[in-house]
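The structure under discussion appears below in the form of structure tokens.
Protein chains: 2
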Amino acid sequence: MAELKNDLLLKALRGEQVSRPPVWMMRQAGRYLPEYMQLRAKYDFFTRVETPELACEITLQPIDIVGPDAAIIFSDILVIPQAMGLEVLLEENKGPLLPKTVATQADVDALITDGVEDSLSYVMEALKLTKRELNGRVPLIGFAGAPFTILCYMVEGKGSKAFDKAKQFCFAQPQLAHQLLDKITTITIAYLKAQVAAGADCLQVFDSWSGMLSSADFNAIALPYLKRIADELSPLCPVILFPKGSWYALPEIANTTASGVGVDWCLTPQQARQMAGPNLTIQGNFDPNKLLLPPAEIKKQVKAMIDGFGAQRYIANLGHGILPNIPVDNAKAFVQAVKEYGQ
Amino acid sequence: MAELKNDLLLKALRGEQVSRPPVWMMRQAGRYLPEYMQLRAKYDFFTRVETPELACEITLQPIDIVGPDAAIIFSDILVIPQAMGLEVLLEENKGPLLPKTVATQADVDALITDGVEDSLSYVMEALKLTKRELNGRVPLIGFAGAPFTILCYMVEGKGSKAFDKAKQFCFAQPQLAHQLLDKITTITIAYLKAQVAAGADCLQVFDSWSGMLSSADFNAIALPYLKRIADELSPLCPVILFPKGSWYALPEIANTTASGVGVDWCLTPQQARQMAGPNLTIQGNFDPNKLLLPPAEIKKQVKAMIDGFGAQRYIANLGHGILPNIPVDNAKAFVQAVKEYGQ
């Protein structure tokens with residue numbers, strides 16, 4: 387395996403001194419890239435995800451075009467419900483749909499938790515191929531959805547503004563919810579271990595809907611499973627937890643074995659630092675909608691953001707995925723602004 | 387006009403000593419009530435909103451059935467875009483749809499800001515009728531959407547998870563956005579003044595989507611217009627601002643002339659008190675999904691919530707609207723738990 391020529395991301399996560407913060411963008415392999423849209427026109431979503439050559443090509447596109455300091459494997463958090471035996475449909479421009487949702491003890495009992503190395507072997511193949519093609523240029527990030535967020539989709543069956551059905555399931559049937567969360571955690575840990583074995587240098591766990599929970603409910607429903615994942619994976623590689631919207635949880639996340647935490651823009655850099663303490667690397671938190679500003683203004687605001695967080699123990703990123711209507715030049719301006727920081 | 391027999395809500399908002407906190411529920415006139423569903427089966431949404439006798443009947447239903455300490459007039463925040471000249475469609479069980487959205491200077495210039503007393507006279511008629519029918523039993527709350535939230539619908543044209551289009555409009559065309567916000571604010575102030583003249587004892591301003599903004603953007607885009615509304619209306623009656631999700635804004639709201647602030651469940655009572663300071667009445671913050679718990683458990687959790695906020699300068703409420711699938715007995719348990727507090 388080629389040695390990493392750019393290990394800024396890993397250094398920042400280990401708390402080592404860096405000359406400037408690393409930068410990458412959530413959904414950097416995505417619809418704002420014309421090169422991605424060409425593949426999207428030819429292959430449907432799960433073909434792109436399940437064909438290692440396509441997933442690899444898509445993962446590398448932003449590395450070649452936009453130049454961030456890390457690649458993140460092109461995949462989807464809903465491969466885990468699939469590996470657990472649930473059908474997941476995805477129409478382009480619409481959200482996911484799970485025709486059969488989880489509601490009863492029998493539904494939970496029927497879920498598969500083993501064999502993920504085989505059922506999702508295409509992800510591991512994509513990681514191996516991408517790792518080889520990267521040839522040490524930048525680290526490769528693997529990822530999974532957090533157990534609470536995966537439960538949301540498994541119970542609700544689709545995207546939702548507030549995931550009321552999923553929350554009611556958790557509140558009204560806490561024992562069954564914990565059984566489900568436990569099963570999701572078990573398979574997710576095996577999945578992430580397989581990703582590391584296949585070449586992932588770092589892992590991110592997306593708790594995209596944890597912000598719908600009060601801090602007490604986050605501590606009861608989301609946190610224990612994030613902790614377990616961090617405990618199992620941190621000995622293998624740095625783990626970034628991204629409990630989106632759960633600003634209140636930063637002190638709790640700082641008490642896990644995770645190396646990093648993602649934050650959205652609803653928290654100022656100063657608030658995030660104060661809550662996360664000195665030993666957690668913070669990632670974020672540019673509002674993706676601000677990438678529509680002129681490049682000069684983007685650069686000004688990125689500089690202010692880094693000034694706010696400080697250059698150490700910090701990973702420049704968006705607070706959520708890049709949006710389809712962002713010009714590629716603006717994405718480049720974002721990355722370039724970080725690379726120019728301090729020069 | 388009959389004197390108020392129950393003025394707990396107004397006392398709490400004025401910071402006067404109360405024997406227990408007042409209680410009401412957002413969307414207390416709504417789909418969880420079988421009596422509401424009967425009217426809904428017969429009359430479409432805008433018929434219910436625009437017919438004073440129906441709006442009055444719907445407003446009174448929860449007062450008679452569930453027994454909260456305040457009535458809130460049955461209406462919709464999107465009557466303001468209608469009064470400004472935009473068509474608003476509403477399919478039951480779906481969100482609103484504005485076929486023609488606001489995008490350009492010409493669109494903003496074409497918006498109507500006067501004559502709201504006439505164009506929305508049916509709301510004022512409904513308030514007068516309801517005030518008479520209430521006969522002093524409880525105070526009557528009038529309401530409007532906050533300018534940023536109304537802008538969201540006018541620009542986006544429909545509900546949205548993140549209102550990216552609306553935010554991009556604000557970020558990319560700030561001058562035009564402020565012109566639009568100014569126009570919405572002007573007509574909203576006239577509308578709320580007319581509501582007070584028609585009998586509203588108290589006003590709530592719903593900034594349902596302000597939580598999508600960073601604190602800096604909230605201060606730039608949402609706050610100035612909330613302030614202007616509070617300044618114009620507070621001399622007439624108590625004003626409650628509800629910038630949902632904007633937990634970071636509590637210190638700023640405390641610096642307005644508003645009497646009260648709504649908070650959702652993502653903030654603990656202790657955090658809310660600390661941020662809001664001693665001179666702002668706080669309203670909230672029960673997670674509506676928890677109303678699916680057994681009534682005994684609801685009562686326990688309501689007591690803990692009031693213990694957390696303290697009984698003074700506090701209005702017991704949900705952190706968001708009551709959901710359609712909540713049993714009426716559970717809604718009653720919520721209200722009853724507050725009424726029993728301290729006994």
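So the sequence lines, in the order shown, correspond to chains A and B. Sequential numbering from 387 applies to the first sequence in the numbering used here. Sequential numbering from 387 applies to the second sequence in the numbering used here. We treat Cβ as the ideally placed atom computed from N, Cα and C, and that holds for glycine.
Under 8 Å, Cβ to Cβ, is there at least one residue of chain A near Phe534(B)? Counting from 1 along the second sequence, the entry for residue 534(B) is found at position 148. Under the Cβ criterion of 8 Å, Phe534(B) is not counted among the residues facing chain A.
According to a CB-to-CB cut-off of less than 9 Å, which residues of the segment 567 to 595 of chain A neighbour chain B? Residues of the segment 567 to 595 of chain A that bring their beta carbon within less than 9 Å of a beta carbon in chain B are absent altogether.
Do three or more CB pairs link the segment 435 to 447 of chain B to the segment 456 to 464 of chain B at distances below 8 Å? yes
Measure the beta-carbon distance from Ala635(B) to Ser601(B) and round it to whole angstroms, keeping in mind my assumption that it falls under 8 Å. Indexing the second sequence from 1 puts residue 635(B) at position 249. Indexing the second sequence from 1 puts residue 601(B) at position 215. 7 Å between Cβ atoms; contact.
Which same chain residues end up closer than 7 Å to Ala552(A) when comparing Cβ atoms and leaving out the 5 residues on each side of it in sequence? Reading the first sequence from its first residue, position 166 is the one you call residue 552(A). Same-chain partners within the cutoff: Leu537, Cys538, Val541, Glu542.
Enumerated in chain order, which unbroken segments of the alpha helix (DSSP H) with a length of 4 residues or greater are wholly contained in the segment 650 to 683 of chain B? 655 to 662
In chain A, which residues lie with their C-beta within 7 Å of the C-beta of Gly531(B)? By one-based count along the second sequence, residue 531(B) stands at place 145. The premise fails here: Gly531(B) is roughly 17 Å from chain A at the closest Cβ pair, so nothing lies under 7 Å.
Please work out which residues of its chain come closer than 8 Å, Cβ to Cβ, to Asn703(B), disregarding the five sequence neighbours upstream and downstream, and give them in chain order. Translated into the one-based positions of the second sequence, residue 703(B) becomes position 317. Cβ within range, chain order: Val409, Trp410, Met411, Met412, Gly648, Gln669, Gly670, Asn671, Phe672.
When you compare the CB of Asn716(B) with every CB in chain A, is at least one pair closer than 8 Å? Here residue 716(B) is taken as the residue at index 330 of the second sequence, counted from 1. It does not: the Cβ of Asn716(B) has no partner Cβ on chain A nearer than 8 Å.
Can you give me the C-alpha to C-alpha distance between Val724(A) and Pro407(A), rounded to a whole angstrom? Residue mapping note: residue 724(A) aligns to position 338 of the first sequence, counting from 1. Residue mapping note: residue 407(A) aligns to position 21 of the first sequence, counting from 1. In this structure, the alpha-carbon of Val724(A) lies about 7 Å from that of Pro407(A).
To the nearest angstrom, how far is the alpha carbon of Lys686(A) from that of Ala530(A)? Along the first sequence, read from residue 1 onward, the residue named residue 686(A) stands at position 300. Along the first sequence, read from residue 1 onward, the residue named residue 530(A) stands at position 144. Spanning the two alpha carbons is a distance of roughly 33 Å.
Report the residues of the segment 541 to 558 of chain B with a CB closer than 7 Å to any CB of chain A, ordered along the chain. Near chain A, meaning a CB-to-CB distance below 7 Å, the residues of the segment 541 to 558 of chain B are Lys547, Asp550, Lys553, Gln554, Phe557, Ala558.
Proximity winner among Phe695(A), Arg699(A), Leu678(A), Ser507(A), relative to Pro710(A) (alpha-carbon distances): One-based indexing of the first sequence puts residue 710(A) at position 324. Considering only alpha carbons, the answer is Leu678(A).
From Pro610(B), Leu619(B), Gln468(B), residue whose alpha carbon lies closest to that of Gln365(B): Outside the shown range of chain B (387 to 729) lies residue 365(B), about which nothing can therefore be said.
Within a Cβ cutoff of 6 Å, which residues of the same chain sit near Leu461(B), ignoring the five residues on either side of it in sequence? Taking the first residue of the second sequence as position 1, residue 461(B) is located at position 75. In the sequence under discussion, the amino acid at residue 461(B) is Ser, which differs from the Leu named in the question. Val435, Val509.
If I'm right that Ile573(B) touches Met470(B) with Cβ under 8 Å, what's the distance once you round it to whole angstroms? Sequence index remark: in the second sequence, residue 573(B) carries index 187 (1-based). Sequence index remark: in the second sequence, residue 470(B) carries index 84 (1-based). Between Met470(B) and Ile573(B) the Cβ distance is about 6 Å, and since that is below 8 Å, they are a contact.
Alpha carbon of Gly522(A) to alpha carbon of Leu666(B), nearest angstrom: Residue 522(A) sits at position 136 when you count from the first residue of the first sequence. Residue 666(B) sits at position 280 when you count from the first residue of the second sequence. For Gly522(A) and Leu666(B), the distance between alpha carbons rounds to 57 Å.
Residues near Phe431(A) in its chain [Cβ-Cβ closer than 8 Å; skip 5 each side]: Mapped onto the first sequence, residue 431(A) falls at position 45. Contacts found: Asp462, Leu476, Glu478.
Please name the residue in Ser505(B), Lys428(B), His564(B), Gly481(B) whose C-alpha comes closest to that of Gln491(B). On the second sequence, position 105 is the one that residue 491(B) refers to. The residue with the shortest Cα to Cα distance from Gln491(B) is His564(B).
By the criterion of Cβ-Cβ separation under 7 Å, what are the contact partners of Asp673(A) in chain B? Against the first sequence, residue 673(A) aligns to sequence position 287. Within chain B, the residues near Asp673(A) are Ser600.
Would you call the CB atoms of Ile708(A) and Pro674(A) closer than 8 Å? Numbered from 1 along the first sequence, position 322 holds the residue referred to as residue 708(A). Numbered from 1 along the first sequence, position 288 holds the residue referred to as residue 674(A). It is a contact, given that the beta carbons lie within the stated cut-off.
What are the residues that DSSP puts in a beta bridge with Tyr700(B)? Counted from its first residue, the second sequence places residue 700(B) at position 314. In DSSP, Tyr700(B) forms a bridge with Ile668(B).
Can you pull out the residues from the segment 605 to 630 of chain B whose beta carbon lies closer than 7 Å to at least one beta carbon of chain A? Within the segment 605 to 630 of chain B, no residue qualifies.
Burial state of Gly631(A) (16 or more Cβ within 10 Å): If you number the first sequence from 1, residue 631(A) lands on position 245. Answer is buried; the Cβ neighbour count reaches 16.
C-alpha gap between Glu503(B) and Gly528(B), whole angstroms: Taking the second sequence and counting its residues from 1, the one referred to as residue 503(B) is at position 117. Taking the second sequence and counting its residues from 1, the one referred to as residue 528(B) is at position 142. Glu503(B) and Gly528(B): Cα-Cα distance of roughly 14 Å.
Can the beta-carbon of Phe628(A) be found closer than 8 Å to that of Val591(A)? Position 242 of the first sequence, counted from the first residue, corresponds to residue 628(A). Position 205 of the first sequence, counted from the first residue, corresponds to residue 591(A). Yes, the Cβ-Cβ distance between Phe628(A) and Val591(A) is below 8 Å.
Alpha carbon of Leu622(A) to alpha carbon of Arg614(A), nearest angstrom: Translated into positions along the first sequence, residue 622(A) becomes position 236. Translated into positions along the first sequence, residue 614(A) becomes position 228. If you take the alpha carbons of Leu622(A) and Arg614(A), they lie about 14 Å apart.
Going residue by residue through the segment 505 to 592 of chain A, where are the continuous alpha helix (DSSP H) segments of at least 4 residues, counting only ones entirely within it? 507 to 520, 533 to 542, 550 to 558, 560 to 583
Taking only beta carbons into account, state which residues of the segment 634 to 659 of chain B come closer than 9 Å to chain A, listed in chain order. Tyr634, Asp650, Trp651, Cys652, Leu653, Thr654, Gln657
Who are the Cβ neighbours of Ile639(A) in its own chain at under 6 Å, not counting the five residues just before and after it? In the first sequence, the residue the question calls residue 639(A) occupies position 253. Same-chain partners within the cutoff: Leu627, Val647.
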